[in-house]
Structures are given as structure tokens and as C-alpha cells.
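Protein chains in written order, with our numbering: chain X, 166 to 359; chain Z, 166 to 359.
The C-beta atom is built at its ideal place from N, Cα and C for all residues, glycine as well.
Working notes, beginning with the structure itself.
Protein chains: 2
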Amino acid sequence: MSKTKQTTKTDILKRTIPLFAQYGYDKVSMRQIAEAVGIKAASLYHHFPDKQALYIEALSLAFSNHADFMDESFVLQASPERRLRQLILGLCTLVNEDPDFSRLMQREIMDGDEKRLQFLADHVFGDFFRDMSELCLSMAPDKDPHLMSISVLGLVIYHFQISPIRFFLPGFQDSHNDSQVVAEHIFSLLKNTH
Amino acid sequence: MSKTKQTTKTDILKRTIPLFAQYGYDKVSMRQIAEAVGIKAASLYHHFPDKQALYIEALSLAFSNHADFMDESFVLQASPERRLRQLILGLCTLVNEDPDFSRLMQREIMDGDEKRLQFLADHVFGDFFRDMSELCLSMAPDKDPHLMSISVLGLVIYHFQISPIRFFLPGFQDSHNDSQVVAEHIFSLLKNTH
DNA sequence: AAAAATCTATCTAACGTTCGTTAGGGTGAC
DNA sequence: GTCACCCTAACGAACGTTAGATAGATTTTT
Numbered sequence: 166m167s168k169t170k171q172t173t174k175t176d177i178l179k180r181t182i183p184l185f186a187q188y189g190y191d192k193v194s195m196r197q198i199a200e201a202v203g204i205k206a207a208s209l210y211h212h213f214p215d216k217q218a219l220y221i222e223a224l225s226l227a228f229s230n231h232a233d234f235m236d237e238s239f240v241l242q243a244s245p246e247r248r249l250r251q252l253i254l255g256l257c258t259l260v261n262e263d264p265d266f267s268r269l270m271q272r273e274i275m276d277g278d279e280k281r282l283q284f285l286a287d288h289v290f291g292d293f294f295r296d297m298s299e300l301c302l303s304m305a306p307d308k309d310p311h312l313m314s315i316s317v318l319g320l321v322i323y324h325f326q327i328s329p330i331r332f333f334l335p336g337f338q339d340s341h342n343d344s345q346v347v348a349e350h351i352f353s354l355l356k357n358t359h
Numbered sequence: 166m167s168k169t170k171q172t173t174k175t176d177i178l179k180r181t182i183p184l185f186a187q188y189g190y191d192k193v194s195m196r197q198i199a200e201a202v203g204i205k206a207a208s209l210y211h212h213f214p215d216k217q218a219l220y221i222e223a224l225s226l227a228f229s230n231h232a233d234f235m236d237e238s239f240v241l242q243a244s245p246e247r248r249l250r251q252l253i254l255g256l257c258t259l260v261n262e263d264p265d266f267s268r269l270m271q272r273e274i275m276d277g278d279e280k281r282l283q284f285l286a287d288h289v290f291g292d293f294f295r296d297m298s299e300l301c302l303s304m305a306p307d308k309d310p311h312l313m314s315i316s317v318l319g320l321v322i323y324h325f326q327i328s329p330i331r332f333f334l335p336g337f338q339d340s341h342n343d344s345q346v347v348a349e350h351i352f353s354l355l356k357n358t359h
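Below, the structure written as C-alpha cells:
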């Protein structure tokens, strides 16, 4: 009978991630989290010492879900150009299908302290960024791979970031919210780089 | 001798903008704003009806300061390629020299309601985005000008956004924080687009 | 095997703090 | 004398958090 009443830490975190992602740390109260989980605020303190710890654990879970994707995009043996294409499409799909992930990352980059930024760089960007730099180097040896990697990331992520306001900008079409269309556009920008 | 004691609305707003930009709406209290201005919190209500109004007016001021820059970049008659180069450099300089502006915009895009997004699109992006789309169309007629404009914006803005974490990423160099270096990199990515 | 003790997850109630905001009074300038 | 500007003091609400009790499951003891 305990199945329906007990709450695990992971249950709480999964319900918490969308709240922090959408509203940000300060706009989400412990009572609001508790309600989303189906318990009272005080009960949260049985699972987590304080709000900060709950947030950090939610972050870790949200990020760990996608830390592996990054690597996978690189294992396939193909031409650099095909790998870049695949990578951009994968990134576009990722940020579009998991907005929580993208928003949490954005909030962390904006407001995170040094320790949290270090964590982000090591465990989320980490290997991905290194592989990306290598790929850039093999495609455009004359360009700075660090700048190139950030440019690729920026192209993908900004198209997602700006989507709330995109509707109000001149020339908007529904297709601009399609991650495949955006991916193709970005790839067409980069493939001629030399 | 009222010069040293009186406070004008604009004085308050100018002191408020950096606070909202750095910490965000919720993390800035009326008492904190008042202290930065040199008065008490209650006195703020002589100038503004409530915190929300103060924030909106601060936003308007921060944005109006740069609404005109956008246009200026387009008046000069030159080849599209030179205009693009100039525009990218101008944008890079803008976002680097006025981080408050960039951060406020980022926060608004993330958390603003529909009305505020509409305002942002009309009065900040507005003409700039239209001119940018035209420029893109003349340089790359086969590409969607809406997507192209956002890509250019994204390249510039993301390089700024990610600067807090850049230090921790592989391949970082001091020069990557130089807006001119970044501008040149971005331009080199785009000039070959056809 | 039954009873007792412990542990786990939750609850209600409340505490102390901070927040946005208001009421009401003072003081100097025009 | 009126108005603009600032002050002190306080209010009510919301917040994070703690104390203490309760019910059910689990473990230990008899």
C-alpha cells in the first residue's frame, strides 16, 4: 500500500525541475514545490536539508540526463561535414525537446557563482566542448576552435532562447519553430566555412 | 542648496538599472534600491507607484539608450559586406560595453510576459531587425532573412552571454573577451555565406 | 509468533525574517 | 501656505525553516 503514498527524492526532483526552469530559483517557493509533489512544505525537509540543496540536486539530475548525449554524437565515424550536420541537428532537437534543460543552463550561466560555473563547464559542457573543438579544427584549421565551438553553440541555443519573442519579429513563420528547419539553416551557414 | 539633496526620477532609474540587470527583479529589494540612491525605501513611492512601475521605467530607460544605435549602423552607404562587418563590430561593442543592457534584455526574453515581449520586439529589436533582414537578403538571397538575422544576433549575443563560463572551457584565451576579436571571428564566419 | 521498539514519511503549527507597501509627520523652497 | 521631497514607524503577507506529534512500516526483542 505504500506505493501511492511514499515519495522518493527523485520523485520530488522530477517535479521540481520544471518549476525552477520556468520561474527561476526565487520565484519558486518550498510550498509551491510541495504542492506539485503532493505533500506539505515541511515534509520536504525530510529529504533535503534546505532549498538550496534541493535546487542543486535538481540541477544535477536535469544536467546528468543529457551529459551522455553529447558524447554519442561523436562516436559515429563519418566525414567531418556529416558529423557536424548530425551534431547540429542533435543539439537543436535537444534544446527544443527539453526546454527545462536549456533554461536551467541559461539561468545558471547568468546567475551561478564561480563554483557552479566550474561544475557546469566540467560536467555539462566538458567532453562535448572538447570534441566539438576537435571537429571544428578538422573542418576549419585556420579558425580558433574555442571561438568556433561557442559560435556553433550560440547559433543553436540562441534560436531557441529567442523563440518566445520570435512571433513578434518581422518575417516570422511557423516553420522557424521547427528544430529541423533551424538545424538545416545553421548547417548551411557553417558548411562553407573554410 | 537643493542640488545635493533632491533626487530626480532619472537619478533613481540610473542607479536601479545595474541592480536589476545584475541580480534580477526578485533579488533586488526596494530597500536595496533606496540605499543605492541614498534615500529610504518609503521615499521611492513618492516617485513611483510601486516596484513594478519602477522596474518598467528602468527597462525603458535602459533600452531607449540604445534604440538609436541600431539605426545608425545602417545609414552609411557602403557595400553590404562592409556594412555587415561594421554592424557586427558595433553590436559586439555594444553588448560588451553595456552589460546591463544585454542582461536586462536576456532576463526579459526569458521571463517577460506577452505584453513586455511585444514592447521589446517593437521598440528595441524593431527597426534594427528589419534593416538587418534587408541586409541579409542582399547578401544571401537564398537564405531566410528572419533566420539569418537571428543567427547574426545569436552569434554576437551568445559570445557575450557565455563569457562568465568561458574561462573554464578548453582553449580559452584572454583575447576571446576582446569584442573586436570576437567580431572579426563572427564576420569571417558569415562573409562566405552564399 | 507476538509484542515492543525503532524508523520513515508525513502532518500541523508556529517562529523569525524579509518583503512591498502605507500612514502620517517634518522641513525647506517657491 | 502650499507643495515637493524625505523621514520614521509600522502593517500584513509570504517566505524558509523548525519543533513536535502521528500513523504506518520495519526491525528487534521476548
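For Z:Ala286, the residues of chain X that pass the 8 Å Cβ criterion are Ile330, Phe333 and Leu334, in the order they occur in the chain.
Against chain Z, the CB of X:Val347 has a partner CB under 8 Å away; the residue lies at that interface. At least one beta carbon of chain Z lies nearer than 8 Å to the beta carbon of X:Leu318. The shortest CA-to-CA distance from X:Gln217 to any of X:Asp307, X:Ser267 and X:Arg281 is the one to X:Arg281. A distance of 8 Å or more separates the beta carbons of X:Gln345 and X:Gln271. Bounds of any alpha helix (DSSP H) do not take in Z:Leu334, whose DSSP letter is neither H nor E.
By the CB criterion at 8 Å, X:Met297 and X:Ser316 fall outside the cutoff. Contact between X:Ile253 and X:Phe352 holds: CB atoms are separated by about 5 Å, below the 8 Å threshold.
Taking a 10 Å sphere around the C-beta of Z:Arg248, we find 16 or more other C-beta atoms and assign the residue as buried. Burial of Z:Glu273 is indicated by the presence of at least 16 other C-beta atoms within 10 angstroms of its C-beta. Cβ atoms of X:Ala186 and X:Cys257 stay farther apart than 8 Å, at about 18 Å. The distance from the Cβ of X:Leu269 to that of X:Leu224 is about 6 Å, consistent with a contact at the 8 Å cut-off. Taking X:Asn230 as reference, the option from X:Thr175, X:Tyr190, X:Phe213 and X:Ser303 with the minimal CA-CA separation is X:Thr175.
Within the model, the alpha-carbon separation for Z:Asp265 versus Z:Ala227 is close to 8 Å. Distance from the Cα of X:Ser340 is smallest, within the candidate group X:His324, X:Leu355 and X:Ala207, for X:His324.
Residue-level contact by beta carbon holds for X:Gly189 and chain Z, with a gap shorter than 8 Å. Against chain X, the CB of Z:Gln197 has no partner CB under 8 Å away; the residue lies outside that interface.
Contact between the stretch 283-293 of chain Z and the stretch 327-335 of chain X is present, with at least three C-beta pairs closer than 8 Å. Judged by DSSP in its simplified three-state form, Z:Phe213 adopts coil rather than helix or strand.
At a cut-off of 8 Å between beta-carbon atoms, X:Lys216 makes no contact with chain Z. For a Cβ distance threshold of 7 Å, residue set Gly336 of chain Z lies close to X:Pro310, ordered along the chain.
Listed along chain Z, the residues sitting closer than 7 Å to X:Lys192 by beta-carbon distance are Asp191. Residue contact with chain Z for X:Ile322: present (Cβ-Cβ distance below 8 Å to some residue of chain Z). CA-CA distance, X:Val193 to X:Pro214, rounds to 17 Å.
Taking C-beta atoms under 8 Å as the contact rule, X:His311 and Z:Phe290 fail to qualify, at a distance of about 29 Å.
Taking 4 residues as the shortest admissible run, the stretch 171-204 of chain Z contains the following complete alpha helix (DSSP H) segments, listed from N- to C-terminal end: 174-188 and 195-202.
Here DSSP, grouped into helix, strand and coil, assigns X:Ser244 to coil.
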